[in-house]
Every structure is written in structure tokens, then in C-alpha cells.
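One structure is given here, and the rest of the page talks about it.
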Amino acid sequence: MIANISQQDSANELITLYHAKLAESGFSGDIDTSYATRLVTSTDNSIYQEVPQAVIFPKSNRDVQLALELAQQDPFLSLTFGPRGGGTGTNGQSLTPGIVIDLSRHMREILEINEQEGWVRVQAGVIKDQLNDFLRPYGYFFSPDLSTSNRATIGGMINTDASGQGSLVYGKTSDHVLGLKSYLVDGTELNTSKLAIDKAELLAEQNSKTSQIYASVIDICKNNRDLIVEKFPRLNRFLTGYDLENVFDDSLTTFDLSRIITGSEGSLAVVTEAKLNLTPIQPYKTLINIKYDSFESALRNSPFLVSAKATSVETVDSKVLGLAKEDVIWHSVSDLITDVPNIDMQGLNMVEFNGRSEAEISEKVDSLCHRLDQLIENKEAGVIGYQLTNDKADILKIYAMRKKSVGLLGNVKGNKKPLAFAEDTAVPPENLADFIMEFRALLDSYNLDYGMFGHVDAGVLHVRPALDMCDPEQEKLLRVVSDKVVALTAKYRGLMWGEHGKGYRSEYGPEFFGETLFTELRKIKGLFDKHNRLNPGKICTSLDSNEQLVSVDGQKRAWFDRAIPTTVKSHYEAPLNCNGNGLCFNYDDNSPMCPSYKVTKDRRNSPKGRAGLFKEWLRLQSNKGIDLIAIEKQLINNENETTWWERFLNSRKKKEYDFSHEVKASMDECLACKACTTACPIKVDVPTFRAKFLNFYYSRYNRPLKDYLVANIESALPYFAKFPKLINALQDNRIANYVVENLIGYVDSPKLSNTQLTKLVNSKFFYSESTFNRLSDHEQQQVIFIVQDPFTSFYEAELVSDFVQLTTKLGFYPMVLPFKPNGKPQHVKGFLKSFKSTAKTAAEFLNRVSEHGRPLVGLDASLVMCYRDEYKDILQQSRGDFSVQLVHEWMKTIEVPSITTLQPSNFTLLSHCTETSALPESKAVWQNIFAKLNSNLETVSTGCCGMAGTYGHELQNQENSRALYDSSWRSHVENTPSEQLLATGFSCRCQVKRFNGDKPKHPIQVLNKLLD
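Letter by letter, the sequence shown follows residues 1 to 1012 of full-length UniProt numbering.
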């Protein structure tokens, strides 16, 4: 034990020295040895976990070269490296115990495009969807299509030779690589591309490290050509790493060393740039969704669909379909995949046809539809129905659901979770149905649940058996099943890794390649990386070494999870359920998903990152014997609370390491927008566990003054509102601004309404029990209760007044309820004791009002959603039966008059990100309402505006707040006339006013005018 500690201390000293020397060398990127960053980088989309020694984030080719060159000097020769892109691998390809070289943060530049020749040159960190968004105006796209396209990097795709949907037509990544710039472990630059064999042989004759590689690879692949062709399966997917067959063309007249690097999983070199060929976009698309009575029917029918000359044939089983129906994504596809009356849909094939003209695909589509009609009429092949769409937007919605399959499977209830360990097998498509039936029988024999989806046209199916890795017996079962799947795949002339690479499955390599070819692979590894310093243990080890391959039995995430008591896991279920799928790394600025990650590009500031940090924090607290559940209850119930002095003394212990500080730094970047609660397929609710963490953290350390200001703002506003001109004048005072900005840390606070709500609205519309009881029965049946919130009532009183007027015009009797603090600001800052008290008071009042049986309607999404989510969590079963609707939800239930005589109008709506995430149908509802008043409402996709409650007012967040606004909102605001611009969120309207001068109106205000 003493020896181990000594070795660890020595390793830490070496990393510290390497860190310092690298910084001195001119390295321009980021170097991070914090435990938080190392922990976040210790997982990918697999079941494995390996904490690295450090993470470096290069900004240039020279940075990569410097990092590797320095490691060639004594005393750094023992250091190892692992290149990393999006971290979406399902087999631990990018996990390393050494130093991670993360190319995804900074190396995201698209360097050059040649329209005439149809190629593009990019850095390795460019994201697949980012590239295609760039290429679209040029009429091209990069065709290998994978489900993780919104976060997978080109470098990662190259290293795993990624493919995906449509691979029969479009091929794999390696089929589109024209050239690579890579760096060997010693920092040597290696540029590769397809060469005539005589030129390649000329290179091999030179006296250099790269010439030795060329000479040996040419000899190995030539001398073993017959065996290679015999051994490698004749499959569309034959991911082998290393691709010995395709370095040569069929006639052996050209040679391309890039083919050895693609699929090498970072074990040969660090790829930093790629030249890629491009595919012209085919403008005409048709998608046919074919429904089946069983998944077996869907599988057995797939060869027939492939023969119809489709571009792609994708499939999902009933498990995935069922989970999709429970997810927010179903609202977008439900009309495209409707249920078949009286028949249970158990499988779905999605068949796509592409063409450069309508005529090019119409004959194929008509022929297939005619045949499907015959099958349905004759009740053959299990076909029970189909739907056809030509709309590109609808096709993208279908594929978004398909791409979410992995995440959806991870959202099943219970401790057993579908796991990726034998899930990308590839067999000849004609064998697929029989193979899968036997595969299912294997899984059924162990009573395992599983879901299936995949690319039936290529014979690849993703199968994820559900296991509880915290149960040692089930971990052993994983090995048993894995071995049997290898044997089963071999029986059907396929291979274990048809799409997602080897990683920790590398131990099966010798069995697949055979001794002769595997020896040749080891020779190639030795040529590039003799001492196994690049992604050690993956694919193979150098022939001259005794180092072992990584194993299926390698360290798994469950090793960490087991240390957390079961009761704690149950109590903090959401972050524990994160399966690493990484959908929260979505690069799209117009997606609401996790703005803090988008703006920082720091994976600690993502739902996955925060879930991982929080989970480790739970483990460390449990190791210390701390009963978190008991402490949480005590803090909420005001028991055993620490004193200010105790917290002050703890805060002074600066030299004492506390991982809690690293967790808090990540939580501080969260905007509490709650996009993760719906956009994440696992529903990793960061704001909820963030509030619980802050509640605990500030029981140990003192809070900043600004938190108390936020927590008490709802209580203070009714008093401030009595003197609006005085308070607003103080905000304009330079001295007051200086104090607030420098002592408290807040800027640009909104101005109070100059006229109080009580003066804007007739007193008869204010609720009390007695005033309600004095109404006639008819009037009571027309009542709508307006639930006040602090933003609109005190900063936009005119909006509440407009809604009162609007409801009266619609024939209702509005009654504005007395203002009761909602508590959302308290929850955001982790004042859970105060929040519980506030929520209890508000819930009791709203429960009493709801007994009248009339609708309760609120105006701001963040506050209304708090009643539904945070109240439910903090009050448990005592919340009651009250339900507060948003305006559009209520208006959807009433008869809005159609007035076609109105002057036609055009408006553009920018929605609150909380509303967009939690209520995705809201935009369509608003459009329908405006259409009835002869008005066209354009709804645009936007991400977060960057304000998010108090986040945009905090001094420390100004740069990020502005960057978020600029990335998603600014262009829409500047390109829309101010009188046509609408926004549903109070914070969004404030942000627009702050950066563009004019404050958008709420849709309510426009509707009120239209009905005048």
C-alpha cells in the first residue's frame, strides 16, 4: 500500500512537471489537471471509466506537436496519450489512464473548401452537423451519417471509421478521406493521401521515420494480400482497425496510408486535419414508414426493401417505439407514425429514397407502395400499414426520433439499464433475421430485457441488453453474453464490431484476425508507436512488447457507483441515471439544450458533466460516512444548521482541498433553464440536484451577498413597487450602481413599472373570497384566475393589464389573485428551507382557489413550470390538486373567435427556452391562435437568450450572457421589425432590450390590440 502511494505521488509530480514544461514551451492551448476535468473525461458513451492523469486542449497543430515532442524527453518517456473528439464512443475507445489530447474544444475550424473539385479541409474537432451546416449553401454534404452527428467530431469519425444510415450508398468515413495530417508519438508530422504505387515506393526508399512506415506497410499488405481478402468479411461494415485490405485498390496500382489510420482509434497517430470528399445534395427525398405486426416481420422484410433500390433502410423495435411515445420527441412525429387501428405495431422500417429529380425516385416509390398495398391486402409479410412523406422537415423529425434511440433506451425504469457491449454486430443482410432471432433467444435464455434498432440494409443492428452493473453477478453475466455473441456472430459469417470499433473489445481481435494477420497488425503498431504510448491496449500492442490488451472486464463506471449507498442512489436518481450518451453536447446554437456548455465548450458545464461530478461528490461524501439524506432533511427543516462563524472558518481553510469547490464551479455556470429535463432522453434534471447541492454546500461555506438579494426579491418587490419612481431613480444613480455592481455583483437590473398594477386594473377584477362569492352563478362560470408572478406584476404591470382586457374581450371574467411569492429564485440559489416554506404557503392558497373549479393561468413559463416541477419535488404528496396553465395552454381550450375581416398581419415569435423545452407544442398553439385573427405568426428556432432569470444580471456572467445572445437571438432580432417581434419570456424581453434597445411585446399584448 505504501509503495502504491509512493508511485502515485511520483506520477503526480511527473504530471505537474510536464504541465509546467509544456506551458513554458509555447503551448497556446489549455492544460487542465483538475480532478473535475479529469473525471468528466473519464467516461464516454460506454460502460467503462478510466480517470486520466491530465487533459490538454490544443489550439493548433503546433500545440499537438509540442505536447508529443516534450514527451519524448527524459523524464517524460513513461507518459501515454489518448486522442479524444466528441467522446461518443460506445466501447471506451478514447478512455486512457494517461493524458487526454482533446481536440474538440478549440480545433473546430473549417479551413478550406473547393467547390469545383468537391472537397473540404477541416480540423479534427469540427462537428459533423457543423460541417454539413457549412456545406449546405454550396450544395454539398459530408455523407457518413451517424446518430451522434450533432456532437461527434470528424477526428472521432476518422478514428472509428464511422458510418451509419445510408452506408450502402454513401460508404464509411474512410471512403471519403482524401488526405490526413497526423502526428506520430514523437511529434513527427505525417501527411497521407492516395498515391500511385511507384510514388509510394519512392517515399518508402527515403531515410526517415515515415519512409520506414511506408516500406513496411506496403510489404505487409502485399505479402499477405490473399489471406487478408480471405479473412476480411465481404460486408458493407467491416471495421477492423487496421484496414489492411483497402490500402491498395483492387489492381494494386495505388496506395493510401490514410486507410491504416482511419479506424485505428488513435493508437497510431494523432489526426489533426482531414481533407474530405463531398457528396452533392440530392434535393428530392421520400421517406416511407412501414409498420409491422412484429419486429421479426420487419427484419425479414428488409431484404425486399433493400432490393427496391432504397438509399437506406432503418429499423426500430417496439421497445424503442414505446419509449419514444413517452418522450417529448413523440409530439413531432406522432402524425407521421400513426397507430394502425386494432393492430399493435411492433416494428417499424424507415425506407428512404433520394434523387436529383422527382422523376428519378417516383417510379421506385410507386413500385414499392404498390407492392406494400398488395402485402397489406393479402395480410402477408407482417406489413400492417405505411405512411409516406416528401417533406424534408418531417423526414428530419423521423430521423431525430431514430437518432434518439440510444438515449431513450437508457431511460427505462429500474436499476437494470440497456448497455453497449455487444451492440453493433454485422452479418450479411440475408442472414440478419435468423441471426437476430438466435440473438434474441440467447438474451431471453438469461431473462434479459433489450431494445433493438439499426441499419438493416447493412446487416447491422444495435442490441442493448439491460443489466445492473452494480450487481457483481450481472457484471459476470456481461462477459458470458459477450463471449457467446462473438461465437454467434462468427457462425453467421459476421463480426462483433460492425460500426463502433473495438476499444475494450480488442481482446477478441486475435480470434477474429488469426495469429498470422494479428502478428502483422502488431508489427504496424510497432512501426508507428513501438512503446505503446498512444491509446495503449487498444486494437493491439507492439510486437516487441509484453503489454496486454484492454479487456471486456476492464474497470467500469459501476466500480464508482457501487460505493454509493442504494438509498442515496434512489434519492438522487436523475444524475445517477445519466448513461453518457452526450446528447447535451449538441453544437447547434438554435437548440435550447444546455447553453452553458455551448458558450464555454467545457464539458464540466454540461448535464453529463454535472451529473458525473455530482455522482462522484455523492461517492466521496458516502466514503466519509456523511448521511446526505439526513442532512438534507435537517437543513430543510431548520435542524442542526451551522452558524455563520462556523461557515466563515470553513471558508478560510483555503489550503484544504475540497472537491465540493470544483462541483460548485460547474453548478455556478448553470442557467437553470431546465432544457435538460426534457431535451435529455434520460431527463437529467440539473437544476433540481444543483439546488440540493448548493443547499448542502452553503451549510458548510458562507454565501455571497447577491444570493440573499435574489432569494428575497419576491418578498421585497411589493414594497419597492409602492415607490417605483424612487427605486428606478436610485438604479440610475452612478453611486448606487457602483455599490450594487461592485459589492453585490449585479448589473442592468430591470426597472419597476411606473404605474402599479392596482392602478392599471379595475378593483373589481382583484380576487378575494368575498368578491368571488358576490358574483352571480353565470359570472362565476366565466371566471379565470390570473396567477401573479414577480416579473410581470412588478416590472411589466401593463402586461397583466393587457391580459385582463384580453380575457374580458373573449367573454371571461378575469380575477387577479393576490401576489404570493413563487419561490423560484430561492430554489435556483439553493435556499431549500425557504423555498419549501414559500411553496407550502403558495400551494395551500392555490389549492383553496382551485376549489372554485375555474382555470388558473400564469404569464411566465419559468414560474408556472416551477409549480409543476419544483413544487412536486419539495412538497412531495402535499402539493394538492391545483394546476396553473400558461396563457397559450388555456387559450387552446377555449373558443377564440375567427375574425377574417382584420387587416392581415405578420409577426415573429421568439419563445422562452423553458417553454420550448417543456412544452414543444407551444409554438404551433400560438400560430393557430394568431391565424384565427388573420395574422401570420412565424416561429423560429432559438437557443437560450443568455438572460435566464438572474444569470444575465450577474457581473461574472456578462461575457457568456452576451455570447449566448449573439449566437442565437441577435440575428433574428435585428432582421425583424421591432413592431413585429414577439417574445414569451420576461427575461428574454429584458435581454433584447438590453442589447438591442427595443423591448419585444408578449403575444398577449398583440392579441389584445387585434381584438380592439
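Each residue gets a CB set at the ideal place from its N, CA and C atoms; glycine is no exception.
For this session: Look at the alpha carbon of Lys275 and the alpha carbon of Trp497, and state the distance between them as a whole number of angstroms.
Result: 26 Å
Exercise. Could you check where the alpha helix (DSSP H) with Asp732 kicks off and where it finishes?
Worked result: 724-732
Exercise. Taking three-plus beta-carbon pairs below 8 Å as touching, is the segment 457-467 in contact with the segment 416-436?
Worked result: yes
For this session: May I ask which residues mark the beginning and end of the beta strand (DSSP E) holding Pro465?
Result: 460-467
Exercise. Considering residue 1013, what are the terminal residues of the alpha helix (DSSP H) in which it resides?
Worked result: In the structure displayed, the chain extends from 1 to 1012; residue 1013 sits before or after that span and is not available.
Exercise. Contact check, Met350 vs Glu314 under 8 Å by CB: the rounded distance?
Worked result: 4 Å
Problem set entry | Proximity below 8 Å, CB of Leu70 to CB of Pro233 | no
For this session: Sort out for me which residues DSSP pairs Glu377 with in a bridge.
Result: For Glu377, which the question treats as bridged, DSSP gives no partner whatsoever.
Exercise. Where does Ser961 land, buried or exposed, given buried means 16+ other C-beta within 10 angstroms?
Worked result: buried
Exercise. What number of angstroms, rounded off, separates the C-alpha of Val925 from the C-alpha of Ser46?
Worked result: 40 Å
Exercise. If we call anything under 8 Å between Cβ atoms a contact, is Leu671 one with Ser596?
Worked result: yes
For this session: Give the straight-line distance between the Cα atoms of Glu954 and Lys820, rounded to the nearest whole angstrom.
Result: 25 Å
Exercise. Distance, Cα to Cα, Gly824 vs Asp881?
Worked result: Note that residue 824 is Lys in the sequence shown, not Gly. Rounded to the nearest angstrom, the two C-alpha atoms are 20 Å apart.
For this session: Quickly, what does DSSP pair Pro814 with across the bridge? List them, please.
Result: Ile784
Problem set entry | Beta carbon of Gly451 nearer than 8 Å to that of Arg464 | yes
For this session: Report yes if the CB atom of Gly156 is closer than 8 Å to the CB atom of Gly82, and no otherwise.
Result: no
For this session: Return yes when the Cβ of Ile1004 is within less than 8 Å of the Cβ of Phe766, no when it is not.
Result: no
For this session: Please go through the same chain and pick out, in chain order, the residues whose beta-carbon is closer than 8 Å to the beta-carbon of Phe772, but skip the five residues on each side of it.
Result: Gln780, Val783, Met815, His852
Problem set entry | Cutoff 7 Å; reference Ile744; Cβ partners in own chain excluding five residues on either side | Leu705, Lys706, Leu709
For this session: Would you be able to state if there are at least three C-beta pairs under 8 Å between the segment 615-632 and the segment 979-987?
Result: no
Exercise. What are the start and end residues of each continuous alpha helix (DSSP H) run of 4 or more residues lying completely inside the UniProt domain "4Fe-4S ferredoxin-type" (661-692), in chain order?
Worked result: 676-679
Problem set entry | Glu646 versus Glu639: straight-line alpha-carbon distance, rounded | 15 Å
Problem set entry | Local Cβ density within 10 Å of Phe648, reported as buried at 16 or more and exposed below that | exposed
Exercise. Tell me which same chain residues have a C-beta within less than 7 Å of the C-beta of Ile110, skipping the five on either side of it?
Worked result: Val120, Val122, Val126, Leu131, Phe134
For this session: Report the three-state DSSP secondary structure of Phe659 (helix, strand or coil).
Result: helix
Exercise. Going by C-alpha distance, which of Asn390, Thr807, Asp161, Ser660 is nearest Tyr697?
Worked result: Ser660
Exercise. Excluding the five sequence neighbours on either side, which residues of its own chain have a C-beta within less than 7 Å of the C-beta of Met947, listed in chain order?
Worked result: Ser961, Ser987, Cys988, Cys990, Gln991
For this session: Can you have a look at residue 1042 and say buried or exposed, based on whether 16 or more other CB atoms are within 10 angstroms of its CB?
Result: Nothing about residue 1042 can be reported from this structure: the residues present for the chain run from 1 to 1012 only.
For this session: Specify whether the segment 907-917 and the segment 672-681 touch according to this definition: at least 3 beta carbon pairs, one from each stretch, less than 8 Å apart.
Result: yes
Exercise. Applying the criterion that 16 or more other CB atoms from any shown protein chain within 10 Å of the CB defines a buried residue, is Ile899 buried or exposed?
Worked result: exposed
Problem set entry | For Asp561, the first and last residue of its enclosing alpha helix (DSSP H) | 557-561
For this session: From the DSSP output, in three-state form, read off Phe765 for me.
Result: helix
Problem set entry | Cβ-based neighbour list, Leu368, same chain, cut-off 6 Å, excluding 5 preceding and 5 following | Ala308
Problem set entry | Sequence-distant residues of its chain with Cβ nearer than 6 Å to Gly382 (five each side left out) | Tyr292, Asp293, Ser294, Ser297
For this session: Could you check how far apart the C-beta atoms of Gly503 and Glu265 are, in whole angstroms? I think they sit under 8 Å.
Result: 7 Å
Exercise. Which class does Gln634 belong to by DSSP, given the choice of helix, strand or coil?
Worked result: helix
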